[in-house]
Amino acid sequence: MGKIARPVVAVDFCYEMLRHGAIQWENGSKKAKYIVPICGDGEYLPLHDLKFQGITIAFGVRNLSRPEQGLKEMLRVLKTGGKLAILEFSRPKNPLFSPIYKLYLHKFLPFMAGIISGDKEAYRYLADSIQGFYEPEILAAMMRDVGFREVRYRPLTIGIVTLYTGRK
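Going letter by letter, the sequence shown gives residues 2 to 169 in our numbering.
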């Protein structure tokens with residue numbers, strides 16, 4: 002007997018992002034019918050309590066105006082034992098690599114991406130939001146403070162990103 006596919010809910014504040022994703026899913030996957038896009042705010046998820054076994058968010062917590070509120074919402078909609086996985090940009094700690102990365106992030110990336118995309122300011126925002134984001138220890142503590150347990154974090158790609166996990 003085959004496995005029953007469970008729907009995947011994709012929540013984003015930006016309707017255009019969801020629309021673009023839906024087009025990509027339809028063009029590339031037979032499983033697109035299992036993806037349910039919902040336009041909504043990560044700080045007030047338009048979802049029922051205790052509904053999900055897992056939540057993933059990539060490069061989105063940094064964009065919440067109130068990350069603690071977003072974490073509380075994720076906890077609210079997770080079933081007991083459910084798992085949260087967050088992938089977020091971070092700042093490398095390596096003393097040799099860190100200055101090179103800062104130069105890349107603040108100078109090279111906005112310049113080159115601005116030429117290619119025509120939107121240099123978006124990449125300045127990206128650099129500033131990464132620079133101003135919490136240290137991994139602080140985000141992990143926030144996860145614990147709102148009620149997640151078994152909270153762990155692990156730097157990846159020389160510390161450019163960090164993977165955080167926690168359970169309800």
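Every residue, glycine too, gets a C-beta built ideally from N, C-alpha and C.
Exposed unless 16 or more other CB atoms sit within 10 angstroms - verdict on residue i
i	result
Pro47	exposed
Ile58	buried
Thr158	exposed
Thr163	buried
Val78	buried
Met119	Residue identity check: residue 119 is Gly in the sequence provided, not Met. By the neighbour-count rule (16 or more Cβ atoms within 10 Å), Gly119 is not buried but exposed.
Distance between beta carbons of residue j and residue i, contact taken as under 8 Å
i	j	result
Lys169	Gly83	5 Å
Phe53	Lys80	6 Å
Glu89	Arg67	With a Cβ gap of about 16 Å, Glu89 and Arg67 do not count as contacting.
Sequence-distant residues of the same chain with beta carbon closer than 7 Å to residue i, five excluded per side
i	result
Met144	Leu72, Val152, Tyr165, Gly167
Element boundaries [beta strand (DSSP E), containing residue i]
i	result
Ile39	36–40
Segment limits, alpha helix (DSSP H) that includes residue i
i	result
Gly71	68–78
Gly133	121–133
Sub-8 Å separation of residue i and residue j beta-carbons
i	j	result
Val62	Ile87	yes
Ile161	Pro93	yes
Met75	Ile56	yes
Tyr154	Ala141	yes
Val9	Ile36	yes
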